[in-house]
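Presented below is the structure to which this report refers.
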Amino acid sequence: MSELNKDRIPKHIAIIMDGNGRWAKQHGVPRLAGHRAGMEAMKKIVDHSDKLGVEHLTVYAFSTENWKRSMEEVSGIFKLLVTFVNRDLKELIDNNVCVKVLGDYSMIPADSKEALERTLASTKADTGLQFNIALNYGGRDEIRRSVESIAGRVKAGELQPEDITEEMIGDGLWTGKEHANSPDPELIIRTSGEERLSNFLLWQGAYSEFVFSDVLWPDFTPQEYEKCIAEYQSRDRRFGGR
Ligand code: IPE
Ligand code: IPE
Ligand code: MG
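Here the numbering used here is used: the first residue of the sequence shown is -13, the next is one more, and so on.
Structure representation (structure tokens):
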């Protein structure tokens, strides 16, 4: 990490891993081969985050809108994810990586779900890098869920509407105290040249720095990752102050 300031490594980096389909097209292979190459890229970024001392890494693996894709692609993506966590489970444990899922994954195929739960259970106590996989994740969906649970407390008479705080809303999100317990990301990276959020971390990204890379996700290397972090380090974060 030659050019990086070791004292200003973000504690939480979030990545919108985009461009697998275009990579596949470029290489004349099926879309799923693009997703497979994407998983390999993801693995390297997990390892590298750990090396750099990042404390929380969140990757956008599947959105609440991605169900619009063909069933073949959707089930293929879940299978690949599970292949990854299964194959690398031992290594994740050896590296003390704690895996969490952001999103309701109850509807993924049974075998995938079981493998995922095995990973979550066996890395639960790990104290190294926390690796959050956003799966069936949507920013609006999680805000709605948090608000629903707060409304339940109001209905039960435990809470007055005017006592609802921003903190309570944040606590009920997948990244909140009740679940992954990750701080807001300082840095959100999106690959493939697209410059939009696509429903990712809407609440948590209020003051995040955004870095967009033109590289398609399967081609995203630790070196490119460091370039994005260097770009972040060159930014002046003001949080509304002067
Ligand atoms: C990102 O790659 C992975 C997922 C959304 C699951 P895409 O599949 O969106 O790739 P492009 O955008 O079609 O190139
Ligand atoms: C965002 O990418 C979701 C993930 C990377 C999982 P999409 O490819 O689904 O987003 P849009 O459709 O281009 O906005
Ligand atoms: Mg895309």
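Every residue, glycine too, gets a C-beta built ideally from N, C-alpha and C.
Is the CB-CB distance between residue i and residue j below 9 Å?
i: Ala10; j: Pro16; result: yes
i: Ile136; j: Leu145; result: yes
i: Ser184; j: Asp157; result: no
i: Glu(-11); j: Leu18; result: no
i: Asp170; j: Gly191; result: yes
i: Gly125; j: Trp203; result: no
i: Ile(-5); j: His21; result: no
i: Glu152; j: Gly5; result: no
i: Met196; j: Ile174; result: In the sequence as displayed, the identity of residue 196 is Phe instead of Met. A contact, by the Cβ cut-off of 9 Å.
i: Phe206; j: Thr161; result: no
i: Ser82; j: Gly39; result: Here the sequence assigns Asn to residue 82, which means Ser is not the residue at that position. No, the Cβ-Cβ distance between Asn82 and Gly39 is not below 9 Å.
i: Ser168; j: Gln116; result: yes
i: Ser98; j: Lys76; result: no
i: Val71; j: Ala101; result: yes
For the alpha helix (DSSP H) containing residue i, name the first residue and the last one.
i: Gln116; result: It is not in any alpha helix (DSSP H) - Gln116 instead sits in the beta strand (DSSP E) that spans Gln116 to Tyr123.
i: Gly235; result: Nothing in the structure corresponds to residue 235, since the chain is present only between -13 and 228.
i: Gly7; result: Asn6 to His13
i: Ile63; result: Met57 to Arg73
i: Tyr218; result: Pro208 to Gln219
i: Arg182; result: Note, Arg182: premise wrong, no alpha helix (DSSP H); not H, not E.
i: Ala166; result: No alpha helix (DSSP H) contains Ala166, which DSSP labels as neither H nor E.
i: Leu38; result: Arg17 to Leu38
i: Lys54; result: Run containing Lys54: none; DSSP gives neither H nor E here.
i: Ala192; result: Ala192 -> no alpha helix (DSSP H), and no H or E assigned at all.
i: Glu100; result: Ala96 to Thr109
Tell me, to the nearest whole angstrom, how far the beta carbon of residue i is from that of residue j; I am working on the premise that it is less than 8 Å.
i: Met3; j: Val45; result: 6 Å
i: Val229; j: Ile119; result: Nothing about residue 229 can be reported from this structure: the residues present for the chain run from -13 to 228 only.
i: Glu128; j: Leu106; result: Actually they are not in contact, since the Cβ atoms of Glu128 and Leu106 sit about 18 Å apart, beyond 8 Å.
i: His(-2); j: His42; result: 4 Å
i: Asp74; j: Lys37; result: Not really, about 16 Å apart at Cβ, beyond 8 Å.
i: Glu210; j: Ser199; result: 6 Å
i: Pro208; j: Ile31; result: 7 Å
For residue i, collect the residues of the same chain with a Cβ closer than 6 Å to its Cβ; drop the 5 residues on either side in sequence, then sort them by chain order.
i: Tyr193; result: Phe225
i: Ser230; result: Past the edges of the chain, shown from -13 to 228, lies residue 230, and the structure says nothing about it.
i: Gly7; result: Arg17 and Gly20
i: Val201; result: Thr177 and Glu210
Residue range of the beta strand (DSSP E) that residue i falls in?
i: Phe48; result: His42 to Ser49
i: Phe198; result: Glu195 to Phe198
i: Lys86; result: Cys84 to Leu88
Pull up the DSSP beta-bridge partners for residue i, would you.
i: Ala0; result: Thr44 and Ile174
Can you list, in chain order, the residues of its chain with a C-beta nearer than 8 Å to that of residue i? Leave out the 5 residues immediately preceding and following it.
i: Ile150; result: Ile136 and Val140
i: Ile79; result: Ser108, Thr109 and Asp112
i: Phe186; result: Ala0, Ile2, Tyr46, Ser49, Ala120, Tyr123, Gly125 and Ile174
Leaving aside the five residues before and after residue i along the sequence, list all residues of the same chain whose C-beta is less than 7 Å from its C-beta, in chain order.
i: Lys163; result: Asp157
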